[in-house]
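Chains as they are written, first to last, in the UniProt record's numbering: chain A, 1 to 447; chain B, 1 to 447. For glycine and all other residues, C-beta sits at the position ideal for the given N, C-alpha and C. Quick caveat, the model's predicted, so the values are computed rather than measured.
There are 2 protein chains.
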Amino acid sequence: MSVVLPTALLTDQYELTMVRAALAAGTADRRSVFELFPRRLPDGRRYGVVAGVGRALDAIERFRFDEEAIDFLRGRDVVDDATAEWLAGYRFSGDVWGYPEGEIYFPGSPLVVVEGGFAEAVLLETVLLSIYNHDCAIASAASRMTAVAEGRPCIEMGSRRTQERSAVAAARAAWVAGFTATSNLEAGRRWDIPTRGTAAHSFTLLHDSEADAFRAQLAALGEETTLLVDTYDVEQAIRTGVELTSGRLGAVRLDSGDLPVMARNVRALLDSLGATSTRIIVTSDLDEWNIAALASAPVDGYGVGTALVTGSGHPTSGFVYKLVARATDADPASPLVPVAKKSTDKISVGGRKHALRRLDADGVAEAEVIGVGAPPQGDANDRPLLVELVRGGEVVGAEPLDAARERHLRSRSELPLEALKMSRGEPAIETLWLEADGDAQANPFQH
Amino acid sequence: MSVVLPTALLTDQYELTMVRAALAAGTADRRSVFELFPRRLPDGRRYGVVAGVGRALDAIERFRFDEEAIDFLRGRDVVDDATAEWLAGYRFSGDVWGYPEGEIYFPGSPLVVVEGGFAEAVLLETVLLSIYNHDCAIASAASRMTAVAEGRPCIEMGSRRTQERSAVAAARAAWVAGFTATSNLEAGRRWDIPTRGTAAHSFTLLHDSEADAFRAQLAALGEETTLLVDTYDVEQAIRTGVELTSGRLGAVRLDSGDLPVMARNVRALLDSLGATSTRIIVTSDLDEWNIAALASAPVDGYGVGTALVTGSGHPTSGFVYKLVARATDADPASPLVPVAKKSTDKISVGGRKHALRRLDADGVAEAEVIGVGAPPQGDANDRPLLVELVRGGEVVGAEPLDAARERHLRSRSELPLEALKMSRGEPAIETLWLEADGDAQANPFQH
């Protein structure tokens, strides 16, 4: 499974035709700055979570055009011979800055800043957007779930509800946002995430009786295992499980029914049978609101599937990748000129962005401060948000996934309390836009 | 890019622990029938579209546990030594029947029927669900779009809005459902789908003037290319494009604004400039309702992104994979016994399913007829829906992707007219459930 796939064709055709036309026109090497950013948060959300950074860095490193890819592009006349030759030697040689993985973001946050020649930088557009738009959507939903679960473990179980490779990325994003384990084995192997899983209803149905099925599972997985108790009659199943383990059963799983009521009944039954340490795991169509509704129920863990891998109503993040500045000729020393499309409904702001998180004296986040063309002046408490990810084509921002996970919990804990409300709301903090001279400008993304 | 990845870890852990427990209990080889089916259509939808069959067959063929996968599973104690040995020799040896790709489905349709030993069949659960849940969601949305586009070409452009490998699968599913091309290059290479793409706003912004950018694009891609005309002023851009091509410009693309109004103004302008053959392509946040709203506008093609790759509000299909029958011992000759979980909110029906589409004398679909335990009696016009996909472990149901695309258009054209309404509705035809003796039974999925 450790085969490394090239990523260069995970790309929209227009990037290749632009490279072709720019090479012919002599404009391909103009130094350029592209930025990946959201114009807004998903409707009603109060913050977003950065995820996919490590995957994006992998994708940049693997972005090479092999012979088969070039033959395909040439055969379809997507590129000409000169472009094919240029692609054969392609390797991103520029710089990338970005919000580190796990960080919080808001409307307009410059999540990724790519600087390089136009052609080399425009080619990364689709693959970066694909990774960020997906992974941040999952992490943003996951963070709301782990926040409202208030320390109870959340297990990612959504693989079956999303495309098979998205499933692996989703498990990774959920881990960044505080999930404690995944059912997805490839995510366990590839990203060293803890994995969980015991048995489905089919296992009970396979056997001649529920007791036979439980005996088989206990023999193989031990008394600490989790028995699925709602195939036939929940009460009977629990009695059987407790009896077979002399009260030492690890956990029971409920996958249907009115969970708050059932959890209370099941807890009372387990306690009455002496199985006071047996945990209750619930897994039926959970989302952040259902988790909130279970806060006072005697539940020991949540398994979350569909709502997680579909971003709980927002399966994509709405990021765009826009040229914001470029040189007027191919001289690497030429100054950058801000550029922006004129549009009233699809805004972008010319000029390279810088960003910091403004914190008050108690360390609570107050504002996202975005400097256009120059880094904004920060106070002592302020935290710069952009870190170096790629320098001269070399990845310098790789880090263990646990670092992202810890950063997320830390950054989320800085937010004002209302950020964690489940109700629809505005972004949890305001965004201040500053000109290069430090003067404030109107928020371009506020309607 | 033609590296073939094994698929065996694209799996939930519980499938492996069930195999482990069943091997130890001596129940792993009980002949079993699993079915993949929807309990309902996404809310308000009138039909669903089968896609992903070819990908699923590939995944079954590549479902092998290599040494690295087995080391991982053994290292985490997901499996024991006996199970590890069994996995090393794993190769699905059973039979698979299913709805062919492109076919229409309804609530309860048995899209896939897998027969084999319990252990070998349960292992396919997650990867089959991942593929079908994703690909059918995309194809079902895509079919509504191509239906309402009424012959105008639809181009899939959503790669950037979904995970990078989902993007490839989405382009494939859209093609099955009648899209005419994709922007995704890997989908072009892997599945031989026509690809499209010319230039983004960044290409115009890169150059010193819009005219310079257009000249560069026309020089590289020819006069038949599509110019993006809304970077600055649409009218001026069109005048420039027409002038540079002496009226022979292939197409203009509008990516913002009030499209029905703009399309009319742009058509009038093009015609007044003598560019009567220049086509108008629109690409801004289209979905099936926006496409319907453009039906009377002078538009020549639609580029669809976000709404397509997110299933237009329904990013997953809600399929489940359930054990419906199994033998009482490991003897391959033992009869199958129907099994089903007892549940009021998550229904499945015991017994192997068969299915046909009932057509009236005019060839219009009237009903989905599902036989439980035996094939239903069909009339002369009725069409059996299940085809053989895998026989004794060998894939026998592979077909060119174009066959699926043609089948979809054919099957959709059989539906009653109201099936193609964009408004929320009930499934376009009813489903009849028949017992093995031919007696009708109540529809188990109707509440």
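Closest option to A181 (chain B), judged by alpha-carbon separation, among B:A200, B:M157, B:L57 and B:G26: B:M157. Distance from the CA of D329 (chain B) to the CA of G94 (chain B), rounded to the nearest whole angstrom, comes to 17 Å. Look at the segment 192–208 of chain A: the residues with a C-beta under 9 Å from a C-beta of chain B are P194, T195, R196, G197, T198, A199, A200, H201, S202, F203, T204, L205, L206, H207 and D208. Annotated as proximal: V324 (chain A) and R352 (chain A), with beta-carbon spacing under 8 Å. Minimum Cα-Cα distance from R152 (chain B) among the listed residues B:D300, B:P375 and B:A440 corresponds to B:D300.
A:I60 is the residue among A:N381, A:A333, A:I60 and A:P298 whose C-alpha sits nearest the C-alpha of G393 (chain A).
Using a Cβ distance threshold of 8 Å, L286 (chain B) and R253 (chain B) do not count as a contacting pair. Contact with chain A is found for I131 (chain B), since one of that chain's Cβ atoms lies less than 8 Å from the residue's Cβ. Boundaries of the alpha helix (DSSP H) around L308 (chain B): T306 to V309.
In this structure the segment 422–429 of chain B does not lie against the segment 121–136 of chain B, because fewer than three pairs of beta carbons, one per stretch, are closer than 8 Å.
Contact annotation for Y232 (chain B) against chain A: K341 and K342 [CB-CB distance below 9 Å, chain order]. Between the segment 274–282 of chain B and the segment 241–260 of chain B there are three or more inter-stretch CB-CB distances shorter than 8 Å, so the stretches are counted as touching. Apart from sequence neighbours up to five positions away, the residues of its chain that approach L244 (chain B) with a beta-carbon distance below 8 Å are A211, F214, R215 and L218, ordered along the chain. At least 8 Å separates the CB of A142 (chain A) from every CB of chain B.
Chain-order list of chain A residues neighbouring F118 (chain B): L206, by C-beta distance under 7 Å. Taking a 10 Å sphere around the C-beta of Q163 (chain A), we find 16 or more other C-beta atoms and assign the residue as buried. At a cut-off of 8 Å between beta-carbon atoms, T283 (chain A) makes no contact with chain B. The three-state secondary structure of A219 (chain A), taken from DSSP, is helix.
Under DSSP, the beta-bridge partners assigned to A440 (chain A) are A:L434. In the three-state scheme derived from DSSP, where H, G and I count as helix and E and B as strand, S32 (chain B) is classed as strand. When the alpha-carbon of C154 (chain B) is set against those of B:D437, B:R144 and B:R160, the nearest one is in B:R144.
Residue state for N290 (chain A) is assigned as helix, using DSSP reduced to three classes. Assignment of N381 (chain B) by DSSP, reduced to helix, strand and coil, places it in the coil class. Annotation: V96 (chain A) is outside any alpha helix (DSSP H); the continuous beta strand (DSSP E) that includes it extends over D95 to G98.
Taking a cut-off of 8 Å on C-beta distances, the segment 96–107 of chain A touches the segment 388–406 of chain A, as three or more cross pairs fall below it. Using a CB distance cut-off of 8 Å, N184 (chain A) counts as an interface residue toward chain B.
Residue state for R407 (chain B) is assigned as helix, using DSSP reduced to three classes. The continuous stretches of beta strand (DSSP E) do not include F203 (chain B), which lies in the alpha helix (DSSP H) extending over residues H201 to L206. Under the Cβ criterion of 8 Å, K353 (chain A) is not counted among the residues facing chain B. Between R64 (chain B) and Y90 (chain B), the beta carbon gap of about 6 Å places them in contact (Cβ cut-off 8 Å). Put simply, the backbone Cα of R39 (chain A) is about 17 Å away from that of S202 (chain B).
Around the C-beta of T276 (chain B), fewer than 16 other C-beta atoms lie within 10 Å, and the residue is accordingly described as exposed. For P315 (chain B), the residues of chain A that pass the 7 Å Cβ criterion are T310 and P315, in the order they occur in the chain. Residue environment: R410 (chain A) is assigned as exposed (fewer than 16 neighbouring CB atoms within 10 Å of its CB, all protein chains considered). Between P384 (chain A) and L356 (chain A) a beta carbon distance of about 5 Å is seen, short of the 8 Å cut, so the two are scored as contacting. Just so you know, the alpha carbons of L87 (chain A) and V176 (chain A) end up roughly 34 Å apart.
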